[in-house]
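Participant: Chains as they are written, first to last, in the numbering used here: chain A, 2 to 227; chain B, 544 to 937.
One structure follows; several queries about it will come next.
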Amino acid sequence: MKSIIVANGLTKVYRRGREEIHALKNVDFRANEGEFVSIIGPSGSGKTALLNIIGCLDTPTGGHLQLNGAEVSGLAERDLVKLRRENIGFVFQQFHLMPTLTARENIELPLLFSHKNRGRNKIDRVLQMVGLEERGDHLPGQLSGGEMQRVAIGRALINDPHILLADEPTGNLDSDTSLMIFDLFRELNRKGLTLIIVTHNKDLARRAEKMYTLRDGKIRVCEIFS
Amino acid sequence: MNFLSLAAKNLLRRRGRTLLTVLGVAISITVLFSLLSLNSGYEKELNKEVNSMGVHILAVPKGCPYEAASLVMHGGVIPKYLSASDLDNVSNIEGIELATPMLMHQFIGKDEETGEVVPHVVFGIKINDTKRLKPWWKVEGRYFTDNETDVMIVGHGLAEKQNYSVGSVMQAGPLKNFTVVGILEQTGDQDDQFHFIPLTEAQMVFNKKNKITTIAVKVRDVGKIAAVSEQMEKIPDIQVVTMTQIMGTIMNLAGSARSLLLTVIAIALIISAFGIINTLLMSVNERTREFGMMKSIGASGLDIARMVMVETVFITFSGGIIGTLAAIVGSSLIEEFVKGMLPYSPKGSLVSLSPELIAFALVFSVVLGLICGLYPAFKSSRLTPMEAIRGGVE
Ligand SMILES: Nc1ncnc2c1ncn2[C@@H]1O[C@H](COP(=O)(O)OP(=O)(O)O)[C@@H](O)[C@H]1O
Ligand SMILES: [Mg+2]
Chain A
2 MKSIIVANGL TKVYRRGREE IHALKNVDFR ANEGEFVSII GPSGSGKTAL
52 LNIIGCLDTP TGGHLQLNGA EVSGLAERDL VKLRRENIGF VFQQFHLMPT
102 LTARENIELP LLFSHKNRGR NKIDRVLQMV GLEERGDHLP GQLSGGEMQR
152 VAIGRALIND PHILLADEPT GNLDSDTSLM IFDLFRELNR KGLTLIIVTH
202 NKDLARRAEK MYTLRDGKIR VCEIFS
Chain B
544 MNFLSLAAKN LLRRRGRTLL TVLGVAISIT VLFSLLSLNS GYEKELNKEV
594 NSMGVHILAV PKGCPYEAAS LVMHGGVIPK YLSASDLDNV SNIEGIELAT
644 PMLMHQFIGK DEETGEVVPH VVFGIKINDT KRLKPWWKVE GRYFTDNETD
694 VMIVGHGLAE KQNYSVGSVM QAGPLKNFTV VGILEQTGDQ DDQFHFIPLT
744 EAQMVFNKKN KITTIAVKVR DVGKIAAVSE QMEKIPDIQV VTMTQIMGTI
794 MNLAGSARSL LLTVIAIALI ISAFGIINTL LMSVNERTRE FGMMKSIGAS
844 GLDIARMVMV ETVFITFSGG IIGTLAAIVG SSLIEEFVKG MLPYSPKGSL
894 VSLSPELIAF ALVFSVVLGL ICGLYPAFKS SRLTPMEAIR GGVE
């Protein structure tokens, strides 16, 4: 099977004044195309740091990263923008929706930056995919947490990315809603999307095909479920 | 969706702040626009006025030419005099069509109703010369002749203000009564405010025998004004003021008032620019996380910068439109205000609202936005997505 993400010896050092924080210490990470991978670990273990580096939102202090077989480390921000735009969809714990835009417009927003015009059909399809056919014209303030996260997922999907990265996507949701979001992830995965999901919730994490456990900036376990 | 509608929605999110910023810009643009329109109107009117004057050159006693010029325009007393021989010398110069002596004098009168003290300006003139010099003069009643005594012609405005009519008797100068024989029809210039009496009578009454304050000269060929005034300057007692000089002097006076106003405006604009920049930085800082999110969904630094720029120009352009409209609507008010501040103002409308000026004000407001947006746009475009997303959380 083809590897879509290959990370070797990733390190990340944050500096806070004179103090150095080693958020990632020599992390190896691998995901195959179409794989559903979860990352768990206690707070502060480096999950977000890892996900952001994989998503090219942040650069590692050391180590190598390949996406789709191409070396990413050392690329300039200008090239990283393109890479993100074409390959990666991002979902956050806090949804980060624009409060002034309707669900439909929020989903449409990435098209403004990719300068693509996908037409109403595509947006309707995405709305349907995330189960919000009826909610397209609602503002985020008029939606529930689960619905807002669905909008965010729809926004991440509009540019047809190869990889969806989600950083604690259910962190702000109750358990039933969380389950529904995970079901949505599973469904997207079945359609061929590669998913990397960071979560606190071990039960949810076990719904993935592969689970990495991070502690103290290091990968401790990598379990594979079938 | 496009950058414009996104910007509009963002700005509407913070209505109050947006409105205040827009108003700030609008006020600056109003002031700028008003001043520029006043300025161009002022120059136009001034030119018109000077061109319609029948007098091409004035000879006044040596002294400060600026003061003299402004006195002549306002009607004031020049405390020095020329003599009859000066007049002869001037008259002999080649190219002069007419040189006529005048004696200008000021006396204090009392308003009959209010008892207020008001200065009056009297010109002693030679009537036939004056009629040639100012062919537009028309009189209700009659002109006086040069040998008459106790007679007076008054300007239209003055007559109206003081309730003079043909036949009125008034006191001017030391214990001397004059009968108004004629009232000038409105001339539209300073003559409307003056008294006119025969020159010889004026010299008697004001005890200035054979003395004159001014020689008004009309040349045969307007193109020769410079040559004639050069000849006149050779006469020792005489200071020559050409009408173009007077205009220049007034322009200079107006110019200094203008540069003061321009300074004030420049300062106001700079302050309002910093206000805009400050507001933008504030709103950009508040939206750091939003920009991070945008970068994570594919926005480049340039996209973010463009968004900030579009918002800024949106604000300043709206301010420009409102400010220009306000200036147009309020132009008459502003005109009154400024007329009171200028050293000399023509009678016509000072405000000239040209399409070019409106275009300029609007373009200026856009440029203002581009300048103000530059730093906040640059600053927010430089954020790495990580810094941006973390920025709001921690
Ligand atoms: N920008 C930063 N500056 C300094 N320290 C940071 C920064 N980002 C993360 N850290 C530190 O790095 C470590 C890992 O953080 P993070 O990846 O956010 O953990 P997790 O997502 O697993 O909770 C933590 O100790 C955190 O305090
Ligand atoms: Mg985290």
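Every residue, glycine too, gets a C-beta built ideally from N, C-alpha and C.
Return the residues of the stretch 99-119 of chain A that lie within a Cβ-Cβ distance of less than 9 Å from chain B, sorted by chain order.
Facilitator: Within the stretch 99-119 of chain A, the qualifying residues are M99, P100, T101, L102, E106, E109, L110, P111, L112, L113, F114, S115.
Participant: So, using beta-carbon positions, are E781/B and M775/B closer together than 7 Å?
Facilitator: The displayed chain sequence assigns Ile, not Glu, to residue 781/B. It is a contact, given that the beta carbons lie within the stated cut-off.
Participant: Counting contacts by CB-CB distance shorter than 7 Å, is R556/B in contact with chain A?
Facilitator: Chain A contact via Cβ: present.
Participant: Please report how far the alpha carbon of V936/B lies from the alpha carbon of E829/B, in whole angstroms.
Facilitator: Note that V936/B scores 38 on pLDDT, short of 50, meaning its location in the model is unreliable; the coordinates nonetheless yield the value given after this. Going from the Cα of V936/B to the Cα of E829/B covers about 11 Å.
Participant: Rounded to the nearest angstrom, what separates D846/B and I840/B at their Cα positions?
Facilitator: Roughly 12 Å separates the two Cα atoms.
Participant: Mind listing the chain B neighbours of N160/A? Cutoff is C-beta to C-beta under 9 Å, in chain order.
Facilitator: Per Cβ cutoff of 9 Å: I840, G841.
Participant: Return yes when at least one heavy atom of ligand 1 lies under 6 Å from the C-beta of Y15/A, else no.
Facilitator: Y15/A Cβ: within cutoff of ligand 1.
Participant: Would you mind telling me which residues of chain A sit closer than 9 Å to M544/B, beta carbon to beta carbon, in chain order?
Facilitator: Near M544/B (Cβ distances below 9 Å), the residues of chain A are L102, E106, E109, L110, L112, L113.
Participant: Among N582/B, E773/B, T730/B, G863/B, whose alpha-carbon lies nearest the alpha-carbon of G567/B?
Facilitator: Selected option, being the one with the closest Cα: G863/B.
Participant: State yes or no: is the beta carbon of K922/B nearer than 7 Å to at least one beta carbon in chain A?
Facilitator: So, not an interface residue.
Participant: At 4 residues or longer, and completely inside the stretch 18-67 of chain A: list those alpha helix (DSSP H) runs for me, N to C.
Facilitator: The stretch 18-67 of chain A contains these whole alpha helix (DSSP H) runs: 48-55.
Participant: Would you say H82/A faces chain B, with C-beta separation under 7 Å as the test?
Facilitator: Per the sequence shown, the amino acid found at residue 82/A is Val instead of His. Closer than 7 Å to some Cβ of chain B, the Cβ of V82/A qualifies, so yes.
Participant: Does any CB atom of chain B fall closer than 7 Å to the CB of D138/A?
Facilitator: D138/A does not count as touching chain B.
Participant: Using 7 Å as the threshold, is the C-beta distance between R156/A and E148/A below it?
Facilitator: In this structure, E148/A does not lie closer than 7 Å to R156/A by Cβ.
Participant: Going by C-alpha to C-alpha distance, which of L554/B, R556/B, A569/B sits closest to A869/B?
Facilitator: Nearest C-alpha to A869/B: A569/B.
Participant: Name the residue from I572/B, G597/B, L563/B, K838/B whose alpha carbon lies nearest to the alpha carbon of I865/B.
Facilitator: Ranking I572/B, G597/B, L563/B, K838/B by Cα distance to I865/B puts I572/B first.
Participant: State yes or no: is the C-beta of N53/A within less than 7 Å of the C-beta of M929/B?
Facilitator: Contact flag set, yes.
Participant: Between the Cα of I108/A and the Cα atoms of R121/A, L84/A, R86/A, I159/A, which residue gives the shortest distance?
Facilitator: Among R121/A, L84/A, R86/A, I159/A, the Cα nearest to that of I108/A belongs to I159/A.
Participant: Note down the Cα distance separating R670/B from F687/B, rounded to an integer number of angstroms.
Facilitator: As written in the sequence, residue 670/B is Ile, which differs from the Arg given in the question. Using only the alpha carbons, I get a separation of about 7 Å.
Participant: Could you check which residue in D217/A, L215/A, L196/A, D138/A has the C-alpha nearest to that of R208/A?
Facilitator: The residue with the shortest Cα to Cα distance from R208/A is L196/A.
Participant: From what residue to what residue does the alpha helix (DSSP H) around T727/B run?
Facilitator: Position check: residue 727/B holds Leu in this sequence, whereas Thr was assumed. Looking at the DSSP string, L727/B is not in any alpha helix (DSSP H); the run it does join, the beta strand (DSSP E), is 720-727.
Participant: Just to confirm my understanding: we take T806/B, look at its own chain, exclude 5 residues before and 5 after, and list those with CB closer than 8 Å. What are they?
Facilitator: Here the set comprises nothing.
Participant: Closer than 8 Å, Cβ to Cβ, to anything on chain A: give me those residues from the stretch 815-832 of chain B, in chain order.
Facilitator: Of all residues in the stretch 815-832 of chain B, R832 have a Cβ within less than 8 Å of some Cβ in chain A.
Participant: Would you check if the distance between the CB atom of L824/B and the CB atom of P919/B is smaller than 7 Å?
Facilitator: A contact, by the Cβ cut-off of 7 Å.
Participant: Check the Cβ of M929/B against every Cβ in chain A and list those closer than 7 Å, keeping chain order.
Facilitator: Going along chain A in sequence order, the residues near M929/B (Cβ under 7 Å) are N53, L58, D59.
Participant: Compare the C-beta of M852/B with all C-beta atoms of chain A and state if any pair is closer than 7 Å.
Facilitator: It does not: the Cβ of M852/B has no partner Cβ on chain A nearer than 7 Å.
Participant: Just to confirm, does T49/A get its C-beta within under 6 Å of one of the non-hydrogen atoms of ligand 1?
Facilitator: Result yes, Cβ under 6 Å from ligand 1.
Participant: Enumerate in chain order the residues of its own chain whose CB-to-CB distance from S577/B is below 6 Å, with the five nearest sequence positions on each side excluded.
Facilitator: Excluding sequence neighbours, S577/B sits near A870, I877.
Participant: If you drop the 5 nearest sequence neighbours on each side, which residues of the same chain put their C-beta closer than 6 Å to that of T692/B?
Facilitator: E744.
Participant: Can you list, in chain order, the residues of its chain whose CB lies under 6 Å from that of P61/A, leaving out five sequence neighbours each side?
Facilitator: So the list reads L11, K13, I54, once near-sequence residues are dropped.
Participant: Using a Cβ-Cβ cut-off of less than 7 Å, give me the residues of the stretch 900-923 of chain B that come near chain A, in sequence order.
Facilitator: So nothing in the stretch comes that close.
Participant: Since I believe A759/B is in contact with T643/B (beta carbons under 8 Å), could you give me their beta-carbon distance rounded to a whole number of angstroms?
Facilitator: Rounded, the Cβ-Cβ distance is 5 Å, consistent with contact.
Participant: Considering only DSSP beta bridges, list what A167/A is partnered with.
Facilitator: A167/A pairs with V92/A, I198/A.
Participant: Whose Cβ in chain A lies nearer than 9 Å to the Cβ of G559/B?
Facilitator: Under the 9 Å cutoff, chain A gives no residues; its nearest Cβ is about 15 Å from G559/B.
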